[in-house]
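Colleague:
Number of protein chains: 4
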Amino acid sequence: MNIEQSERSQDLQQRLQAFMDEHVLPAEAVHAEQLRAAGDPHHHAPVMEELKAEARRRGLWNLFHPHADIHPSVPGLSNVEYAPLAEIMGRSFLAPEATNCNAPDTGNMEVLTLFGTPEQQERWLHPLLEGEIRSAFAMTEPDVASSDATNISTRIERDGDAYVINGRKWWTTNALHPNLRCFILMGKTDPDADRHRQQSMILVPLDTPGVTVLRNLPVFGFDHTEGHGEVLFENVRVPATNLIAGEGEGFAIAQARLGPGRIHHAMRTIGLAERALELLCVRAQRRTPFGKPIAARANVQDWIADARIEIEMIRLLTMKAAWLMDTVGNKRARTEIAAIKVAAPRVAQEIVDRAMQVHGAGGFTEDFPLAHMYAHARTMRMVDGPDEVHRMQIARDELRRHPVPDAA
Amino acid sequence: MNIEQSERSQDLQQRLQAFMDEHVLPAEAVHAEQLRAAGDPHHHAPVMEELKAEARRRGLWNLFHPHADIHPSVPGLSNVEYAPLAEIMGRSFLAPEATNCNAPDTGNMEVLTLFGTPEQQERWLHPLLEGEIRSAFAMTEPDVASSDATNISTRIERDGDAYVINGRKWWTTNALHPNLRCFILMGKTDPDADRHRQQSMILVPLDTPGVTVLRNLPVFGFDHTEGHGEVLFENVRVPATNLIAGEGEGFAIAQARLGPGRIHHAMRTIGLAERALELLCVRAQRRTPFGKPIAARANVQDWIADARIEIEMIRLLTMKAAWLMDTVGNKRARTEIAAIKVAAPRVAQEIVDRAMQVHGAGGFTEDFPLAHMYAHARTMRMVDGPDEVHRMQIARDELRRHPVPDAA
Amino acid sequence: MNIEQSERSQDLQQRLQAFMDEHVLPAEAVHAEQLRAAGDPHHHAPVMEELKAEARRRGLWNLFHPHADIHPSVPGLSNVEYAPLAEIMGRSFLAPEATNCNAPDTGNMEVLTLFGTPEQQERWLHPLLEGEIRSAFAMTEPDVASSDATNISTRIERDGDAYVINGRKWWTTNALHPNLRCFILMGKTDPDADRHRQQSMILVPLDTPGVTVLRNLPVFGFDHTEGHGEVLFENVRVPATNLIAGEGEGFAIAQARLGPGRIHHAMRTIGLAERALELLCVRAQRRTPFGKPIAARANVQDWIADARIEIEMIRLLTMKAAWLMDTVGNKRARTEIAAIKVAAPRVAQEIVDRAMQVHGAGGFTEDFPLAHMYAHARTMRMVDGPDEVHRMQIARDELRRHPVPDAA
Amino acid sequence: MNIEQSERSQDLQQRLQAFMDEHVLPAEAVHAEQLRAAGDPHHHAPVMEELKAEARRRGLWNLFHPHADIHPSVPGLSNVEYAPLAEIMGRSFLAPEATNCNAPDTGNMEVLTLFGTPEQQERWLHPLLEGEIRSAFAMTEPDVASSDATNISTRIERDGDAYVINGRKWWTTNALHPNLRCFILMGKTDPDADRHRQQSMILVPLDTPGVTVLRNLPVFGFDHTEGHGEVLFENVRVPATNLIAGEGEGFAIAQARLGPGRIHHAMRTIGLAERALELLCVRAQRRTPFGKPIAARANVQDWIADARIEIEMIRLLTMKAAWLMDTVGNKRARTEIAAIKVAAPRVAQEIVDRAMQVHGAGGFTEDFPLAHMYAHARTMRMVDGPDEVHRMQIARDELRRHPVPDAA
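The listed protein sequences correspond, in order, to chains A, B, C and D. Counting from 0, one number per residue, gives the positions in the first sequence under numbering that gives the first Met the number 0. Counting from 0, one number per residue, gives the positions in the second sequence under numbering that gives the first Met the number 0. Counting from 0, one number per residue, gives the positions in the third sequence under numbering that gives the first Met the number 0. Counting from 0, one number per residue, gives the positions in the fourth sequence under numbering that gives the first Met the number 0.
1. State whether the region 74-94 of chain A contacts the region 319-329 of chain A, with contact taken as three or more CB pairs (one from each stretch) at a distance under 8 Å.
2. Counting along the chain, where does the beta strand (DSSP E) carrying residue 181(B) start and finish?
3. Between residue 300(D) and residue 390(A), which are expected to be in contact by the criterion C-beta below 8 Å, what is the C-beta distance as a whole number of angstroms?
4. So which of 69(C), 58(C), 70(C) has the shortest CA-CA distance to residue 84(C)?
5. Measure from the alpha carbon of residue 265(B) to the alpha carbon of each residue in 100(B), 138(B), 385(B), 86(B), then state which is nearest.
6. Leaving out five residues on either side along the sequence, give the residues of the same chain with a beta carbon under 8 Å from the beta carbon of residue 403(D).
7. Chain B partners of residue 301(D), CB-CB under 7 Å?
8. Let me check understanding here. Comparing Cα to Cα, which of 393(C), 56(C), 49(C), 370(C) lies closest to residue 439(C)?
9. Does DSSP put residue 132(D) in a helix, a strand or coil?
10. Taking three-plus beta-carbon pairs below 8 Å as touching, is the region 15-29 of chain D in contact with the region 333-344 of chain D?
11. Which whole-angstrom value describes the C-beta separation of residue 43(B) and residue 178(B), a residue pair presumed to lie in contact below a C-beta threshold of 8 Å?
12. Give a yes or no on whether the C-beta atoms belonging to residue 339(D) and residue 304(A) are separated by under 7 Å.
13. Please return the same chain residues whose Cβ sits closer than 8 Å to the Cβ of residue 67(D), not counting the five positions on each side in sequence.
14. Applying the 10 Å Cβ sphere with the 16-neighbour rule, what's the burial state of residue 37(A)?
15. Keeping to the same chain, check which residues put their C-beta closer than 8 Å to that of residue 102(A); ignore five residues upstream and five downstream.
16. Does any residue of chain C bring its CB to less than 7 Å from the CB of residue 220(D)?
17. Measure from the alpha carbon of residue 161(B) to the alpha carbon of each residue in 170(B), 188(B), 399(B), then state which is nearest.
18. Quick one: what's got a C-beta closer than 6 Å to residue 255(D)'s C-beta in the same chain, skipping five residues either side?
19. Would you mind telling me which residues of chain D sit closer than 7 Å to residue 365(C), beta carbon to beta carbon, in chain order?
20. Report the partner residues of residue 232(A) according to the DSSP bridge assignment.
21. For residue 197(C), which three-state DSSP category applies?
22. Within 10 angstroms of the Cβ of residue 19(C), are there 16 or more other Cβ atoms? Answer buried if so, exposed if not.
23. Around the Cβ of residue 250(C), are there at least 16 other Cβ atoms within 10 angstroms (buried) or fewer (exposed)?
24. Could you list which residues in chain B have their beta carbon closer than 7 Å to that of residue 82(C), in chain order?
25. Which chain B residues are close to residue 380(A), counting only those with a beta carbon under 8 Å from its beta carbon?
26. By the criterion of Cβ-Cβ separation under 8 Å, what are the contact partners of residue 281(C) in chain B?
27. For residue 161(A), write down the residues that DSSP places opposite it in a beta bridge.
28. Which residues bound the alpha helix (DSSP H) around residue 13(C)?
29. Could you pull out every residue in the same chain whose Cβ sits closer than 8 Å to the Cβ of residue 181(A), ignoring the five residues on either side in sequence?
30. Residues in the same chain with beta-carbon distance under 7 Å from residue 372(A), minus the five sequence neighbours each way, listed in chain order, please.
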């Protein structure tokens with residue numbers, strides 16, 4: 000395993016860090032204030048467009064995208080090169096969109112790059128790469144456990160040269176974003192096909208009749224700016240050319256999409272954990288009940304040490320997964336991807352919890368980013384499948400390594 | 000230890016349970032809808048007054064208050080008798096106010112009962128016992144660790160026949176309640192007195208000039224209806240007769256107040272944990288990814304078993320603390336009170352976390368009470384002092400039981 | 000729930016505590032020395048007989064036995080009365096045998112009391128009650144998971160007026176005890192009967208031809224004095240009158256036997272945990288690396304506090320189970336018995352682990368009882384069934400409390 | 000970070016693995032039998048000399064030693080190259096001595112290589128490199144917390160051209176080894192010097208008058224073959240030329256010695272954890288209580304998955320520490336060395352505990368290596384300093400990264 004960073008990557012890290020320190024972190028308060036002033040949690044704060052312009056100007060744009068030839072702004076980094084950058088972005092919830100590296104647009108852009116027709120790329124991929132529009136990924140459904148993709152009930156039915164879509168989706172991120180223009184929707188074209196050939200993906204413009212964003216789903220009381228929508232698709236009719244790749248390809252596309260998505264989440268989660276630890280350390284030195292700083296107390300020191308140990312470990316595991324993806328492919332990295340999917344949020348959640356404890360009740364409020372970070376880390380244990388599904392897969396792979404031919 | 004329930008208590012439990020099933024739980028959705036319709040999280044929903052009237056009618060009113068002679072509505076229960084009732088209330092965040100058993104009014108009513116002058120009782124205690132007004136307890140301050148009460152910086156200065164108050168408080172629960180009429184405020188009358196004689200408590204009517212409720216403090220993104228206020232007191236002038244008990248009595252009153260307060264929190268937290276476990280069990284039987292109910296999986300069964308084991312244990316520990324308070328007094332129950340203060344929220348938080356995991360991403364939203372319950376359980380690890388302060392006290396008491404005279 | 004201790008019980012507690020302080024704890028070193036001198040870990044140290052005589056003299060004999068009419072030495076205590084006594088005994092591994100309250104003799108005496116014929120009682124029960132002989136309980140078998148009793152493969156076959164036994168047992172406690180005289184053996188009389196009617200129990204004198212104690216099973220390297228034997232039964236022929244209760248009654252007897260056995264283990268485990276905490280507290284005050292006692296460090300204080308909290312909780316849960324057994328019977332106490340079976344060893348193991356950490360490497364040696372205590376607490380998570388089986392049972396009981404009629 | 004393995008290292012890994020499979024693992028039972036037959040746990044089993052000869056013949060000798068020029072048998076591997084080899088050795092407690100890579104001889108050989116005079120190297124280092132003799136490291140003392148090296152009380156006093164040593168040491172590994180020939184002893188030459196200049200190290204031949212090995216210290220009931228001795232040094236007189244490096248150099252030598260020692264322990268601990276997981280997986284597939292293999296149960300699958308995740312993480316952290324030691328030196332790797340010192344035993348202990356649970360009570364006995372492995376992993380949390388000391392150091396380093404100039 001070789002995860003030495005290239006000069007290009009090191010240079011990007013420095014520049015991204017500078018951008019974070021000079022622009023993104025100071026913008027957090029401005030962003031909060033602009034939302035408050037607008038009286039709308041889904042308001043597209045002007046400061047975000049300023050950040051985007053600055054990131055673009057600095058060449059910190061589309062860093063996630065592995066294919067340099069798709070767009071002049073794309074440096075075409077490997078996963079090993081992108082990982083430290085995603086970690087840096089993870090320190091602020093503004094950074095991913097500011098650099099056009101935010102989910103689910105990243106995954107959608109990858110899908111359109113790999114599977115889109117030239118027309119689909121022209122109409123949707125290019126504006127996405129420019130950051131002009133936003134997209135959503137309509138996969139998860141209420142009332143069914145989405146850890147089992149065959150549960151999907153949304154129908155995509157052929158009707159002449161169109162497809163007609165009926166179903167209800169939720170946790171459709173970006174659904175409340177003012178710049179949202181389209182969905183990539185997963186549904187069933189053929190419920191009678193083989194288990195993994197029933198699903199297809201299709202592009203659905205937001206303004207198609209029958210599309211209704213019913214509500215935003217709050218997360219622990221937070222209304223995220225981009226929004227997680229519950230979206231109704233009623234007799235939504237789109238041209239057959241909107242289908243991606245072909246009927247029955249949905250499951251395969253989803254698999255291709257999830258690997259990078261999961262590791263990007265893990266990378267950012269490490270940045271989140273680092274920021275929580277930093278907040279913890281600073282606060283623990285500032286607070287002095289009973290006459291000495293909390294940081295001098297051995298239990299808090301244990302928390303700090305364990306946080307450092309565990310962050311080191313999840314970063315290395317993430318890097319290993321990234322390196323495997325770069326060298327042997329996403330498929331053969333699947334145990335490591337599952338492992339980091341489970342490990343990173345668990346570590347981050349615990350560190351944020353302890354940082355809150357050191358902050359006193361203030362840590363639960365908007366005065367610090369901790370409660371928001373907690374909610375994010377916690378949801379990461381569910382996003383892209385609950386921990387338990389990933390642990391089951393890891394266990395099965397492990398058991399296969401120790402065959403017991405004569406077992407009862 | 001004898002925690003047999005009296006007939007009166009058993010009867011009250013049955014009646015309270017019926018009230019919960021018939022009125023309170025069904026009112027939760029109504030309450031949420033009334034807040035939404037009002038567009039104000041601090042709106043006093045009409046359904047709450049209906050619940051209060053019904054509770055009063057059913058004789059389920061002021062159950063918390065130990066002194067039957069203070070008001071005809073007060074049954075005068077022991078802590079052992081009240082505990083199962085408080086647990087039942089803990090299943091719904093509406094129940095405490097509906098039965099006039101909500102913090103911090105309960106603590107304030109106890110303070111006024113024990114230490115109030117007849118005039119103070121007439122003006123504030125009786126309307127509180129009637130549920131006509133609400134009160135707040137202004138103790139915690141931003142910027143200082145309130146686990147160390149001597150840190151309090153708010154000043155209460157004598158000026159003729161008045162006191163003048165200057166300071167800033169936060170986490171002042173009820174501060175956003177439309178029925179709020181007064182604060183009991185803790186501040187320093189004599190910064191030069193002995194460490195535990197510097198503080199006093201004083202009644203401050205809400206409408207006194209100089210009192211400003213600056214903002215509500217959200218908890219994990221939730222704006223609680225009653226509100227946790229940041230409140231500014233600038234040159235607030237109140238009659239000297241508003242002082243409670245006497246100058247320098249603040250610390251002693253606070254100690255008297257905290258014991259019951261902590262155990263009431265613990266009791267309700269058990270109810271919360273029970274409800275989370277019930278939600279977990281129901282959901283785990285309903286969800287069937289990969290063809291069998293989640294409840295059939297051994298890891299989820301372990302979660303359920305551990306939840307049951309731990310709920311049993313925190314309930315018994317709460318009952319022991321209650322029984323000690325009833326029989327030997329709050330002071331000699333302090334280890335047990337501290338123990339349950341630490342144990343109950345920890346158990347509840349874990350159970351809610353697992354219930355959320357079983358609910359999938361929906362568990363983080365308003366569709367289930369779980370995220371709200373999580374936030375509540377988590378804050379309980381901070382309210383009335385962080386766990387670490389209570390563990391320190393328990394450890395010191397324990398070490399004293401094992402003296403080592405010749406230790407280096 | 001009323002667990003007030005009777006005067007008799009309080010008196011016995013004081014007398015037992017005095018016996019522990021004056022005789023048992025000082026005898027630990029003597030016992031170790033006598034074993035060392037004999038060069039045999041299974042040597043019956045003379046000090047044990049001295050302790051037994053003293054206990055008998057003091058009326059601290061057969062305290063476990065619920066039926067006073069069986070023997071003049073039996074006070075006939077309830078479970079609630081016996082629990083604190085068993086806890087006191089649990090502080091020293093010598094105490095149970097010294098007071099004739101050691102497993103598995105206790106369980107065997109209960110079985111013979113309830114199900115034995117007058118002849119069986121005369122020959123085996125009375126000498127056991129006198130402490131003249133020891134017995135073993137041959138149930139667990141190698142190679143099969145004994146959590147599932149139907150797995151038992153040992154055969155008990157009728158042949159004329161005798162039964163012939165063939166099988167291999169292990170974990171047969173007391174197998175290496177010089178005073179061992181008989182086994183109560185569980186085996187199958189009818190493999191074709193209903194699942195719970197296949198097994199029977201039978202008395203097997205040690206000196207019957209075909210009985211071979213193959214070896215002692217060490218526990219974490221410790222050879223326990225009484226021994227846990229692997230025992231071979233080859234064509235062992237005993238009179239048909241040795242059968243207990245009747246063919247097919249084995250499972251029912253085992254159930255009757257296990258309830259009290261599990262709770263006795265739990266009670267003693269609490270005493271073990273208390274002693275570990277005491278050792279921890281004393282050592283933490285004596286050790287002063289870096290110039291201050293370890294006991295002053297906040298992480299060690301957290302350990303102490305958590306230990307106190309958890310010991311309180313497992314004691315209360317044990318008492319509840321005892322009280323239920325006394326008032327509604329073992330069967331209706333089964334959730335609580337399972338709960339304490341899981342909770343007590345877990346708590347004790349953790350406390351001993353932390354006590355070892357405070358003792359430094361010395362804690363792993365024979366200089367302190369901690370390593371021995373650790374091994375004991377750890378094995379308690381397996382004895383009478385692994386935790387996982389009990390958690391499964393608790394979960395199923397819990398799920399039944401929340402029926403979901405329309406679940407998929 | 001680049002931890003690609005060289006061809007040489009990969010070749011050695013294959014050869015070492017073959018040696019393990021063909022010789023070491025099969026020798027475990029032979030070794031146990033030879034000890035049993037000898038009736039002496041410290042017997043030097045002949046099979047060990049056979050293993051040593053075979054390892055030497057295969058070129059698997061002194062792999063730990065970084066300096067190829069010291070002896071023809073030394074390949075001179077980097078830490079990154081040695082790490083996977085040490086992990087492989089960690090699978091069997093016989094492998095380290097069989098390959099002449101066992102502590103504390105490894106550390107002693109490093110000390111003599113770096114600091115020994117030609118005469119000291121001739122007399123002690125060469126026989127050690129040949130595996131002809133064994134050495135011990137006499138550092139830890141009873142009655143003082145050895146986490147604080149300044150606590151050492153053993154005196155080394157100059158008297159003419161000799162030094163006279165008085166003191167008591169314990170946990171002196173190899174003290175019961177029949178091949179033991181000398182100690183490297185740490186003691187104080189000048190108690191009045193600066194804190195870190197008081198100590199010196201000196202060579203003490205075993206046969207020097209005044210040296211008494213008092214006893215072996217068992218670990219959880221296990222008497223390790225090589226032995227952990229309590230050793231008395233009474234007026235032990237050795238030539239002044241036996242001093243290593245110079246008076247006052249003891250602390251500096253100890254620091255140089257501990258870095259590699261800790262990481263070697265961590266590497267081997269990973270091998271131990273891997274073996275425990277393998278045993279767990281095999282057993283879980285073989286055991287079928289209630290009709291299906293334990294491995295099919297979701298809780299056991301969670302254990303397996305968590306074990307795999309955590310082993311991956313501790314291996315990567317170990318490799319990072321090794322790589323830092325190779326590239327920037329032991330001193331700048333100290334946080335990572337401390338981190339892996341804490342993390343590896345914790346993970347291994349947990350995995351072994353779960354493997355035992357899957358093995359049933361048999362897992363506690365000599366029938367499986369698990370109890371022995373548990374004892375080893377547990378002691379690793381104390382060897383070279385308790386976890387808490389290392390966590391304190393990590394926390395302090397972390398806090399220094401976040402200076403708070405104006406903190407109260």
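By construction, the Cβ of each residue, glycine as well, lies at the ideal position given by its N, Cα and C atoms.
Modeller: In short, the structure shows the following:
1. yes
2. On the second sequence, position 182 is the one that residue 181(B) refers to. Residue 181(B) -> beta strand (DSSP E) spans 179-187.
3. Counting from one through the fourth sequence, the residue named residue 300(D) turns up at place 301. Counting from one through the first sequence, the residue named residue 390(A) turns up at place 391. Indeed they touch by this definition, with Cβ atoms about 6 Å apart.
4. Translated into positions along the third sequence, residue 84(C) becomes position 85. The shortest Cα separation from residue 84(C) among 69(C), 58(C), 70(C) belongs to 58(C).
5. Locating residue 265(B) in the second sequence gives position 266, where the first residue counts as 1. Checking every option, the nearest Cα to that of residue 265(B) belongs to 86(B).
6. Working through the fourth sequence from its first residue, we reach residue 403(D) at position 404. Excluding positions up to five away in sequence, the list is empty.
7. Counting from one through the fourth sequence, the residue named residue 301(D) turns up at place 302. In chain order: 298.
8. For chain C, the structure presents residues 0 to 407; residue 439(C) sits outside this window and is missing.
9. Indexing the fourth sequence from 1 puts residue 132(D) at position 133. Three-state DSSP puts residue 132(D) in coil, outside helix and strand.
10. no
11. Residue mapping note: residue 43(B) aligns to position 44 of the second sequence, counting from 1. Residue mapping note: residue 178(B) aligns to position 179 of the second sequence, counting from 1. Going by Cβ atoms, the distance from residue 43(B) to residue 178(B) rounds to 7 Å, so yes, they are a contact pair.
12. Counting from one through the fourth sequence, the residue named residue 339(D) turns up at place 340. Counting from one through the first sequence, the residue named residue 304(A) turns up at place 305. Their beta carbons are not under 7 Å apart, which means residue 339(D) does not touch residue 304(A) by this criterion.
13. In the fourth sequence, the residue the question calls residue 67(D) occupies position 68. These residues qualify, in order along the chain: 73, 74, 75.
14. One-based indexing of the first sequence puts residue 37(A) at position 38. Classification of residue 37(A): exposed, given that the 10 Å Cβ count is below 16.
15. Here residue 102(A) refers to the residue found at position 103 when the first sequence is read from its first residue. Same-chain partners within the cutoff: 95, 172, 260, 263, 264.
16. Working through the fourth sequence from its first residue, we reach residue 220(D) at position 221. By this cut-off, residue 220(D) is an interface position.
17. In the second sequence, residue 161(B) corresponds to position 162, counting from 1. The shortest Cα separation from residue 161(B) among 170(B), 188(B), 399(B) belongs to 188(B).
18. On the fourth sequence, residue 255(D) is found 256 positions in, with the first residue counted as 1. Taken in chain order, the list of residues that qualify is empty.
19. Position 366 of the third sequence holds residue 365(C). In chain order: 217.
20. Taking the first residue of the first sequence as 1, we reach residue 232(A) at position 233. According to DSSP, which records beta bridges pairwise, residue 232(A) is partnered with 166(A), 210(A).
21. Locating residue 197(C) in the third sequence gives position 198, where the first residue counts as 1. In this structure, residue 197(C) counts as coil in the three-state DSSP scheme.
22. As a first step, residue 19(C) is located in the third sequence; it is residue number 20 there, counting from the start. Residue 19(C) should be labelled buried.
23. Within the third sequence, residue 250(C) is the residue found at index 251, counting from 1. Under this definition residue 250(C) is a buried residue.
24. Translated into positions along the third sequence, residue 82(C) becomes position 83. Within chain B, no residue comes near residue 82(C); the closest Cβ sits about 12 Å away, beyond 7 Å.
25. Within the first sequence, the letter at position 381 stands for residue 380(A). Near residue 380(A) (Cβ distances below 8 Å), the residues of chain B are 356.
26. In the third sequence, residue 281(C) corresponds to position 282, counting from 1. Near residue 281(C) (Cβ distances below 8 Å), the residues of chain B are 401, 403.
27. Walking along the first sequence from the start, residue 161(A) turns up at place 162. Residue 161(A) is bridged to 158(A), 238(A).
28. In the third sequence, counting from the first residue as 1, residue 13(C) sits at position 14. 6-18 is the span of the alpha helix (DSSP H), which, as asked, contains residue 13(C).
29. Locating residue 181(A) in the first sequence gives position 182, where the first residue counts as 1. Once the five neighbours on either side are set aside, the close Cβ partners of residue 181(A) are 123, 132, 134, 135, 202, 203, 204, 205.
30. Here the question's residue 372(A) lines up with position 373 in the first sequence. The residues are 271, 275, 351.
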